[in-house]
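Written below as structure tokens is the structure these notes are about.
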Amino acid sequence: MKLLSGAIAAVDHGGSLGRASALFPHAPQPFVDLSTGINPHSYPLFELPATALTRLPEAGQLRELAEIAAAAYGAPSAAHVAAAPGTQILLPRVASLRRPGRALVLGPTYAEHARAAAIAGHAVAEVSDFDALADADLAVLVNPNNP
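Residue numbering for the sequence shown follows the working numbering, starting at 30 and increasing by one per position.
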């Protein structure tokens, strides 16, 4: 079991191709960045009105989104849907659903899970044995894994 000290410290995710290129100026181009899950080939985008990107959604629009998502994914109601600009912001919220205690993270995995548990007040340790998770107040198992 590896205790994770300083789990709340900032995590370097990578994604800075400028910094990577400066560190490795002779690397073949194009530089392939495997440090993030960013897809270099975007989804086809349909025509959007210019105003769609100039303001935040209104509360009513978020409720409507949650209702549509609940119906699409078979959730009991819109109250069972969390809308966020990506999953990163939700990790500490999910960890805070459990009262602070002992969080065990099956590793290696994405470092933000341990950081999120620490933010939520848990004492965090990384374990490599699946069976060790049984002793946790909060067990983190990521599947599919993203180390």
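We put the CB at the ideal spot given by N, CA and C, even for glycine.
Please read these numbers as outputs of a predicted model, since none were measured by experiment.
Exposure of residue i, with buried meaning 16 or more beta-carbon neighbours within 10 Å
| i | result |
| --- | --- |
| Glu93 | exposed |
| Glu76 | exposed |
Selected residue, minimal CA-CA separation from residue i, among the options
| i | options | result |
| --- | --- | --- |
| Ala161 | Ala143, Ala147, Gly136 and Ala140 | Gly136 |
| Pro121 | Glu96, Val153 and His55 | Val153 |
| Pro86 | Leu74, Ala113 and Val61 | Ala113 |
| Tyr139 | Ala165, Gln58, Ser50 and Gln117 | Gln117 |
| Ala128 | Pro57, Gly150, Ala143 and Ala111 | Sequence check: residue 128 is Arg here, not Ala. It is Gly150 whose Cα lies nearest to the Cα of Arg128. |
| Glu141 | Pro59, Phe159, Asn174 and Ala111 | Asn174 |
Delimiting residues of the beta strand (DSSP E) encompassing residue i
| i | result |
| --- | --- |
| Glu155 | Ala152 to Val156 |
| Arg84 | From DSSP, Arg84 is part of no beta strand (DSSP E); its letter is neither H nor E. |
| Ala79 | Ala79 -> no beta strand (DSSP E), and no H or E assigned at all. |
Residue range of the unbroken alpha helix (DSSP H) whose run includes residue i
| i | result |
| --- | --- |
| Arg144 | Glu141 to Ile148 |
| Ala51 | Leu46 to Leu52 |
| Val134 | Taken as a continuous stretch (DSSP letters only), Val134 belongs to no alpha helix (DSSP H), being part of the beta strand (DSSP E) at Arg131 to Leu135. |
| Ala124 | Leu120 to Ala124 |
Inter-residue CB distance, residue i and residue j (contact presumed, cutoff 8 Å)
| i | j | result |
| --- | --- | --- |
| Ala168 | Leu133 | 6 Å |
| Ala124 | Ala108 | Rounded, the Cβ-Cβ distance is 20 Å, inconsistent with contact. |
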